[in-house]
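Numbered per the working numbering, the sequence shown spans residues -4 to 145.
Yeah, the Cβ is synthetic: ideal placement off N, Cα and C, and Gly gets one too.
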Amino acid sequence: MAVERDRPYAQFNFLVDLGDGVTDDPVPASRKSADSARRSTSSSIATAMPARTPVMKITGLNKVSDVVLRRGIVGASHLYQWLDQVRNGDQGALRTVTISLQSEDHTSTVMTWKLLRARIIKHTSGPLNARGNDVAVEEIVLAYERLEIE
């Protein structure tokens, strides 16, 4: 599904599907961001060979970083309901979260990141400041077990 081209894509054209049937935000104009999904699999080992032998790289455990999603608070409760499922140990709380990068004209998906068996591990609302005029923001941190890129 990835569409290759000479010029990089803009970072602000993305949709988030939390795997609950609610794609993106109920209010499309709300501000949001997604931190990078990262994974690594290599490990280093030293061998019992002479000192001139280089350290060997081998495939090790698959490690993925947590992903942080932020958006303006719009009054929707589906994030809290998901957090409640995780907290109560509901087996259906593990979801496939999809982050889709869109083309500039929003007519096609150019790249997709799938976070498999994802769950909320942190939810933050605010800060709320009576003297400020910024948008009220909520943030969730997702832990997941596997990253797939399409």
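Judging by CA-CA distance, which residue of the options is the nearest neighbour of residue i?
| i | options | result |
| --- | --- | --- |
| D12 | G121, T104 and K117 | T104 |
| E140 | K58, L78 and L96 | K58 |
| I68 | D100, D129 and L137 | D129 |
| L10 | K117, A71, V92 and G127 | V92 |
| N60 | R126, E145, I116 and A125 | Residue identity differs from the one stated: residue 60 is Ser in this sequence, not Asn. When only C-alpha atoms are compared, the closest one is I116. |
| A5 | I94, I144 and E99 | E99 |
| V63 | N8, A125, L110 and R126 | L110 |
| F7 | I94, G14, D85 and K52 | I94 |
Can the beta-carbon of residue i be found closer than 8 Å to that of residue j?
| i | j | result |
| --- | --- | --- |
| R66 | E133 | yes |
| A131 | L123 | yes |
| A88 | V81 | yes |
| W108 | I135 | no |
Determine the burial state of residue i: buried for a count of at least 16 other Cβ atoms within 10 Å of its Cβ, exposed for fewer.
| i | result |
| --- | --- |
| A113 | buried |
| T119 | exposed |
| L137 | buried |
| N83 | exposed |
| L96 | buried |
query = Is there contact between the region 76 to 94 and the region -4 to 8, where contact requires at least three CB pairs shorter than 8 Å?
reply = In the pairwise beta carbon analysis, the region 76 to 94 is classified as not touching the region -4 to 8: fewer than three pairs are separated by under 8 Å.
query = Fully enclosed by the region 68 to 127, which alpha helix (DSSP H) runs are 4 residues long or longer?
reply = Residue ranges of uninterrupted alpha helix (DSSP H) with 4 or more members, entirely inside the region 68 to 127 and ordered along the chain, are 73 to 82.
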